[in-house]
Structures are given as structure tokens and as C-alpha cells.
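Participant: Dumping the structure here so I can ask a few things about it.
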Amino acid sequence: MQNLGVFALVMGGALSAVAAIAHLVCIAGGARAYRLMGASPRMVRAAEAGKLQPTLVTLAIAAVLGVWAAYAWAGAGVIDHLPLTKLALVAITAVYLGRAVAFPLLKPLFPANSQVFWWVSSGICLVMGLLHLLGVIALWPLF
Numbered sequence: 002m003q004n005l006g007v008f009a010l011v012m013g014g015a016l017s018a019v020a021a022i023a024h025l026v027c028i029a030g031g032a033r034a035y036r037l038m039g040a041s042p043r044m045v046r047a048a049e050a051g052k053l054q055p056t057l058v059t060l061a062i063a064a065v066l067g068v069w070a071a072y073a074w075a076g077a078g079v080i081d082h083l084p085l086t087k088l089a090l091v092a093i094t095a096v097y098l099g100r101a102v103a104f105p106l107l108k109p110l111f112p113a114n115s116q117v118f119w120w121v122s123s124g125i126c127l128v129m130g131l132l133h134l135l136g137v138i139a140l141w142p143l144f
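2 is the number of the first residue of the sequence shown in the working numbering; add one for each residue after it.
In C-alpha cells, the structure reads:
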């Protein structure tokens with residue numbers, strides 16, 4: 002069971018890292034990349050206009066995802082222990098799973114996001130949340 006937990010957290014961390022990199026690629030790719038990734042038309046227009054807001058928002062998201070990857074890897078023992086690892090992993094798991102299932106409640110707050118964006122991003126969050134949950138459950142006594 003311990004090996005399964007390590008694998009789950011390593012994979013969860015890898016997916017968080019890939020998501021962080023995807024957000025950075027979005028910045029580098031400009032408005033076209035924002036559009037491709039399902040950003041709202043408002044974000045796309047802001048990127049086209051060279052505004053700073055899309056870059057700052059996307060950098061913040063990438064940074065959070067990068068920290069989450071580090072916590073997953075710390076929980077798996079791949080990198081050194083980080084402060085409050087157990088609490089952080091529980092919170093990260095809750096956010097991923099919450100985001101996955103709460104999208105019908107979130108959609109009205111972001112009406113410009115496409116249906117495809119909501120389904121794809123929610124599915125990805127569900128997978129990531131389940132991996133984190135499996136890892137936390139399997140490794141709980143070790144934290």
C-alpha cells in the first residue's frame with residue numbers, strides 16, 4: 002500500500018508540474034495560447050492588447066501549481082520534507098476535488114469560459130484530486 006501511495010503522490014505532483022508548465026507556455030504563446038487553453042475572451046483580448054493582468058494571473062496560478070507539485074513530491078519522499086506537509090496535502094486534495102465537482106456552481110461566475118474548458122479542466126482536477134487522496138490515505142501514518 003505504501004508503494005501505491007508514493008506512486009500516486011509522485012504522479013499527482015507530476016500532473017501539477019505539467020499544469021504549471023502549461024500555464025507558463027500560455028504566457029509565452031500569447032493570446033493564441035490563451036484561446037487554445039480555453040481562457041475567456043476577456044483574457045484573450047487582454048493578452049492581445051499586451052496588458053499585464055493575464056500574465057500576472059497566469060504566473061500566480063503556475064506558482065501555486067508548482068508549490069503543490071513540490072508538496073506532493075515531499076509527501077512521497079522524493080524531495081525533502083516541507084513544512085506542514087500533511088495539512089498542505091489534505092488542503093490540496095480538497096481543492097482539487099472541490100474544483101472538480103463544484104464546476105456547475107463556478108460556471109455562472111465565469112460565463113465566458115467554454116463548456117469544453119469546464120469539462121476538461123474539471124476532469125483533470127478530478128484525476129489529480131483522486132491521486133492526491135490515494136497518496137494521502139496510503140501514506141497517512143508516515144507523515
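Don't be surprised by glycine CBs; every beta carbon is placed ideally from N, CA and C.
Predicted model, so just to flag it, every value in this text is computed and none were measured.
Does the region 41-60 come close enough to the region 122-142 that 3 or more CB-CB pairs lie under 8 Å?
Facilitator: Taking 8 Å as the limit for Cβ pairs, the verdict is that the region 41-60 does not touch the region 122-142.
Participant: Return the Cβ separation of R1 and V26 in integer angstroms, given the expectation that the two are a contact with Cβ distance under 8 Å.
Facilitator: It is not possible to answer for residue 1, since the shown part of the chain is limited to 2 through 144.
Participant: Which class does K108 belong to by DSSP, given the choice of helix, strand or coil?
Facilitator: Within the sequence shown, the letter at position 107 stands for residue 108. Note: K108 maps to helix in three-state DSSP.
Participant: Determine the burial state of A9: buried for a count of at least 16 other Cβ atoms within 10 Å of its Cβ, exposed for fewer.
Facilitator: Reading the sequence shown from its first residue, position 8 is the one you call residue 9. It counts as buried.
Participant: I1 by DSSP, collapsed to three states: which one?
Facilitator: Here the chain has residues from 2 to 144 only, and residue 1 is not among them.
Participant: Which first and last residues belong to the alpha helix (DSSP H) in which S115 is found?
Facilitator: Within the sequence shown, the letter at position 114 stands for residue 115. S115 -> no alpha helix (DSSP H), and no H or E assigned at all.
Participant: Contact check, A70 vs A18 under 8 Å by CB: the rounded distance?
Facilitator: Position 69 of the sequence shown, counted from the start, is the residue given in the question as residue 70. Position 17 of the sequence shown, counted from the start, is the residue given in the question as residue 18. The Cβ separation is near 4 Å, so the contact holds.
Participant: Just the C-alpha distance for T86 and I93, rounded to the nearest angstrom, thanks.
Facilitator: Here the question's residue 86 lines up with position 85 in the sequence shown. Here the question's residue 93 lines up with position 92 in the sequence shown. Distance between the alpha carbons of T86 and I93: 10 Å.
Participant: Output the boundary residues of the alpha helix (DSSP H) element that contains M12.
Facilitator: Counted from its first residue, the sequence shown places residue 12 at position 11. M12 -> alpha helix (DSSP H) spans 3-37.
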